[in-house]
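A.B. asks: Using our numbering, you'd call the opening residue of the sequence shown number 23 and step up by one each time. Cβ atoms here follow ideal geometry from the backbone N, Cα and C, with glycine treated the same way.
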Amino acid sequence: MNSKDDRGEAIIRKALHRSLLVLAVAAVAALGIYHWLQRPDEPELVVEEQAVKGPMHAQPPSFEVPAIPFTDITLQAGIDFTHINGAYGERLLPEAMAGGGGFLDYDNDGDQDIILVNATYWPDQPHAEKPTTRLYQNDGMGRFTDVTVAAGLDINSYGMGVAVADFDNDGWDDIYITSLNKNLLLHNQQGTFVDVSQSSGTAGFAEDWSTGAVFFDYDNDADLDLFVANYIEWTAQINKEIDFRVTGIGKSYSTPTHYAGARSRLYRNEGNGKFKEVSLASGIHIPGKALAAIAIDYDKDGWLDIFVANDTVQNFLFRNNGDGSFEEVGALEGIAFNTKGKATGAMGLDAAWYRNDDDLGVAIGNFANEMSSLFVTVDGKTPFADEALLEGLGADSRLALTFGVFFFDADLDGHLDLLQANGHLENDINKVQPSQHYEQPIQLFWNCATEACAHRMVLVEDSGDLGTPVVGRGASYADIDDDGDLDVLITQPGRAAKLYRNDQQSGHHWLRVILEGVSDNRNAIGAMIELAANGTTQRRLITSGRSYLSQVEYPVTFGLGESDTVDKLLITWPGGRKQSVDVDSVNTVVTITQPTE
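(1) If you pair each beta-carbon of the stretch 575-586 with each one of the stretch 203-212, do three or more pairs fall below 8 Å?
(2) Would Leu521 and Ile101 be called neighbours here (beta carbons separated by less than 7 Å)?
(3) What three-state label does DSSP hand Ile502 in the structure shown?
(4) Measure the beta-carbon distance from Met479 to Leu440 and round it to whole angstroms, keeping in mind my assumption that it falls under 8 Å.
(5) Would Asn332 and Ala368 be called neighbours here (beta carbons separated by less than 7 Å)?
(6) Per DSSP, Val87 is paired with what?
(7) Considering only residues of the same chain and omitting the five flanking positions on each side of Pro278, which have a CB-CB separation below 6 Å?
(8) Taking Cβ to Cβ, would you say Asn337 is nearer than 7 Å to Ile357?
(9) Quick one: give me the first and last residue of the alpha helix (DSSP H) that Thr170 is part of.
(10) For His163, which residues in the same chain have their Cβ closer than 8 Å to its Cβ, ignoring the five residues on either side in sequence?
(11) Among Pro491, His477, Asp507, Ala443, which one has its Cα closest to the Cα of Val690?
(12) Taking 7 Å as the limit between beta carbons, can you name the residues of its chain near Ala99, skipping five residues before and five after?
(13) Would you mind giving the Cβ-Cβ distance between Asp372 and Ile316, rounded to the nearest angstrom? I have them listed as a contact below 8 Å.
(14) With 16 other CB atoms within 10 Å as the buried threshold, where does Leu530 fall?
(15) CB-CB under 6 Å to His437, same chain, minus the five flanking residues each way: which ones, in chain order?
(16) In this structure, does DSSP put Met119 in helix, strand or coil?
(17) Kindly indicate which residue of Glu117, Thr490, Thr214 has the alpha-carbon position closest to the one of Asp127.
(18) Just list the residues that DSSP pairs Asn524 with in beta bridges.
(19) According to DSSP, Ala497 sits in a beta bridge with which residue or residues?
(20) So Ser569 packs on Val427, CB below 8 Å; how close in whole Å?
(21) Return the chain-ordered ranges of every beta strand (DSSP E) run that is complete within the stretch 147-216 and spans a minimum of 3 residues.
(22) Output the residue ranges of the alpha helix (DSSP H) runs that lie fully inside the stretch 440-487 and measure 4 residues or longer, sorted by chain position.
(23) Once DSSP output is grouped into helix, strand and coil, what is the label at Gly489?
(24) Among residues of its own chain, excluding the 5 on either side of Ala51, which ones have a beta-carbon nearer than 6 Å to its beta-carbon?
(25) Three-state secondary structure (DSSP) at Ala312?
(26) With burial defined as no fewer than 16 other Cβ atoms inside 10 Å of the residue's Cβ, what is the status of Pro405: buried or exposed?
(27) Leu138: which of Arg113, His149, Asp168 sits nearest, CA to CA?
(28) Using only CA atoms, which one of Gly223, Thr96, Tyr289, Ala284 lies nearest to Val236?
(29) Should Gly387 and Phe425 be called a contact, given that it needs their Cβ atoms to be closer than 7 Å?
(30) Taking only the alpha-carbon atoms, compute the straight-line gap between Val535 and Gln259 and give it to the nearest angstrom.
(31) Using the three-state DSSP reduction, which class does Gln616 fall into: helix, strand or coil?
(32) Suppose you measure from the CA of Thr361 to the CA of Arg113; what does that come to, to the nearest Å?
(33) Hey, Glu575 and Gln134: beta-carbon distance below 7 Å or not?
(34) I'd like to check one pair, Leu434 with Asp507: are the Cβ atoms closer than 7 Å?
(35) So Lys673 is in the beta strand (DSSP E); what residue range does that whole segment cover?
(36) What are the boundary residues of the alpha helix (DSSP H) that includes Ile551?
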């Protein structure tokens, strides 16, 4: 679009689309509830010819998508982790779903270390090896050393995901590992971890299959509570009895539609290292098939709410009532179903103000032949509307089977991009679906905020080694080498983890912000950071539980583009107190401690 009239028409057209979406969302919710009540036992068969059709977007010929190359540095960085999922031919479903990991500063030296969650062999397949979760210490330059044994993390379990936070405010980040069967809370005692799962009351139950986990302060009492997502009611015996098969492949991984949904759990932090389960009393004890969750105050009432991505059943939005209870309002607020009123195979989840305005976007990675969802508010108000197609995400994400998703500023231009980790469950899927592959490229969508773009989310063709297919599951990011841009960690079930160095050469400026809570939780989870530069205000919420089974770093990176000054940096701490901070320089790290007066 080159003229003001063209731009005006485009704006009016998009406004009309958005208005129609808003008017339709109530009907979609009602239709969705109908489908929820009438849903079949098996998912609808998607014909491949239908799946690949759609409004494939094209950029104006004169427009050039920037190269944002990432380089696979896994081995040279010292990461030698290979995930063990215990697969031996029985096609037990957890084998295809496991593999979490992420970043934390476990030793308080100011750089980001790596944790990789392992599973193990099945009991009826005895093996001398006892696989363990692994911890790698960063030397500050992006070189890592395995310190698992010294740190006390050589623990054998069928692990799934990880969440990190300082739950007791002692100045050291602790680790929560979700698992098939009981979970692990590992207390950080100055660089050495001690299992306090049972004594803390957070182990859960032997019948649980836990996936995502979120530390957050749901009752505004200044300590961190814990939400644990549970997937399905699964046992190896039930899995074997189902004996799920696909024509042309044979024995395959059964779908979640064969199992009853599980109830997630909420643990209230009582202090002194103790938690109390309040799932039933709080109202979150509703059966779902939860794989990911995130806590965000979507309605701006001062209380953190919970978004939950459910696999093949409606997504949940637990609205915090402010009295210790939650109300599930996913259908009412427009995020429960897709635009056809149907539940999707929802896997990973993230949320952000990616347009640098009042609109909150919630991205959800879905199953193959289902485009990713991008639920967005309208003028900062609910209900949400799925704008994946309007924003350009829909067509390019349709064929991918997406697990981990997260927003981050890959090229430091001041606009949040979106990354998706993709990979199928079946290694022979290509035999029966020619458009599908077990290994799939990682997708990086560049946030095009200029009027030259037909759509906002544009697939980056030149993303370096991200284009090499993997069996993607967990996805997380951190600045591992102190150069200001964000590097990426991808996990794979039964395969090696992958570490990608961001080698973008935009020359853009940046600012990294670290918050240290004092009267509130030390990680400042629930705090909002707003940065104004060059006429644009960016907004970030400190939160855990993003992506799929993963933990991203807590330091926040703001890309500044060409701007070498920051006009305003405003912190809204948990509880609502605001703090304005002067920023004297860019391309640096600013640490801000919560004021006590």
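C.D. replies: From the atom records:
(1) no
(2) By 1-based counting over the sequence shown, the position of residue 521 is 499. By 1-based counting over the sequence shown, the position of residue 101 is 79. Their beta carbons are under 7 Å apart, which means Leu521 touches Ile101 by this criterion.
(3) The residue labelled residue 502 in the question sits at position 480 within the sequence shown. Looking at Ile502 - three-state DSSP - the assignment turns out to be coil, as it is neither helix nor strand.
(4) Sequence index remark: in the sequence shown, residue 479 carries index 457 (1-based). Sequence index remark: in the sequence shown, residue 440 carries index 418 (1-based). Confirmed, about 6 Å.
(5) The residue given as residue 332 occupies position 310 in the sequence shown. The residue given as residue 368 occupies position 346 in the sequence shown. Yes, the pair counts as a contact, with Cβ atoms nearer than the cut-off.
(6) As a first step, residue 87 is located in the sequence shown; it is residue number 65 there, counting from the start. Partner(s): none; Val87 has no beta bridge.
(7) Stepping through the sequence shown from its first residue, residue 278 is reached at position 256. If we look at Pro278 and ignore the five residues flanking it on each side, its Cβ neighbours are Ile254, Lys311, Asp333, Thr334.
(8) The residue labelled residue 337 in the question sits at position 315 within the sequence shown. The residue labelled residue 357 in the question sits at position 335 within the sequence shown. Against a cut-off of 7 Å, the Cβ pair of Ile357 and Asn337 comes out as a contact.
(9) Here residue 170 is taken as the residue at index 148 of the sequence shown, counted from 1. Per DSSP, Thr170 belongs to the alpha helix (DSSP H) from 170-173.
(10) Within the sequence shown, the letter at position 141 stands for residue 163. Reading the sequence as shown, one finds Met at residue 163 and not His. Same-chain partners within the cutoff: Asp503, Asp504.
(11) Summary: the structure shown does not reach residue 690, with the chain confined to residues 23 through 619, and so no result is reported for it.
(12) Taking the first residue of the sequence shown as position 1, residue 99 is located at position 77. Contacts found: Gly164, Arg165, Phe166, Leu521.
(13) Residue 372 sits at position 350 when you count from the first residue of the sequence shown. Residue 316 sits at position 294 when you count from the first residue of the sequence shown. That pair is a contact at about 7 Å.
(14) Reading the sequence shown from its first residue, position 508 is the one you call residue 530. Note that residue 530 is His in the sequence shown here, rather than Leu. Result: buried.
(15) One-based indexing of the sequence shown puts residue 437 at position 415. Closer than 6 Å at the Cβ level, and outside the excluded window around His437, lie Asn469, Ala471.
(16) Counted from its first residue, the sequence shown places residue 119 at position 97. The answer is helix: DSSP assigns Met119 an H, G or I state.
(17) As a working note, residue 127 is residue 105 in the sequence shown. For Asp127, the nearest C-alpha among the options comes from Thr214.
(18) The residue labelled residue 524 in the question sits at position 502 within the sequence shown. According to DSSP, which records beta bridges pairwise, Asn524 is partnered with Phe92.
(19) As a first step, residue 497 is located in the sequence shown; it is residue number 475 there, counting from the start. In the DSSP output, where bridge partners are listed per residue, Ala497 has Ile512.
(20) The residue given as residue 569 occupies position 547 in the sequence shown. The residue given as residue 427 occupies position 405 in the sequence shown. Contact holds; Cβ gap of about 6 Å.
(21) 156-160, 166-168, 181-187, 196-201, 206-210
(22) none
(23) To locate residue 489, count along the sequence shown from 1; it is residue 467. Here Gly489 sits in helix by DSSP.
(24) Residue 51 sits at position 29 when you count from the first residue of the sequence shown. Here the model assigns Ala51 a pLDDT of 44, short of 50, so the residue's position is not dependable and the matter cannot be decided.
(25) Within the sequence shown, the letter at position 290 stands for residue 312. Looking at Ala312 - three-state DSSP - the assignment turns out to be strand.
(26) Along the sequence shown, one-based indexing puts residue 405 at 383. Pro405 should be labelled buried.
(27) Taking the first residue of the sequence shown as 1, we reach residue 138 at position 116. Comparing Cα-Cα distances from Leu138 to each of Arg113, His149, Asp168, the minimum goes to Asp168.
(28) Here residue 236 is taken as the residue at index 214 of the sequence shown, counted from 1. The shortest C-alpha separation from Val236 is found at Tyr289.
(29) The residue given as residue 387 occupies position 365 in the sequence shown. The residue given as residue 425 occupies position 403 in the sequence shown. In contact: Gly387 and Phe425 (Cβ atoms closer than 7 Å).
(30) Along the sequence shown, read from residue 1 onward, the residue named residue 535 stands at position 513. Along the sequence shown, read from residue 1 onward, the residue named residue 259 stands at position 237. Near 49 Å, if we compare the C-alpha coordinates of Gln259 and Val535.
(31) By 1-based counting over the sequence shown, the position of residue 616 is 594. Gln616 falls in the coil class under three-state DSSP.
(32) Counted from its first residue, the sequence shown places residue 361 at position 339. Counted from its first residue, the sequence shown places residue 113 at position 91. Using only the alpha carbons, I get a separation of about 33 Å.
(33) Sequence index remark: in the sequence shown, residue 575 carries index 553 (1-based). Sequence index remark: in the sequence shown, residue 134 carries index 112 (1-based). Going by C-beta atoms, Glu575 is nearer than 7 Å to Gln134.
(34) Here residue 507 is taken as the residue at index 485 of the sequence shown, counted from 1. Here residue 434 is taken as the residue at index 412 of the sequence shown, counted from 1. In this structure, Leu434 lies closer than 7 Å to Asp507 by Cβ.
(35) Outside the displayed span of the chain (23 to 619) sits residue 673, for which this structure offers no information.
(36) Working through the sequence shown from its first residue, we reach residue 551 at position 529. From DSSP, Ile551 is part of no alpha helix (DSSP H) but of the beta strand (DSSP E) over 550-555.
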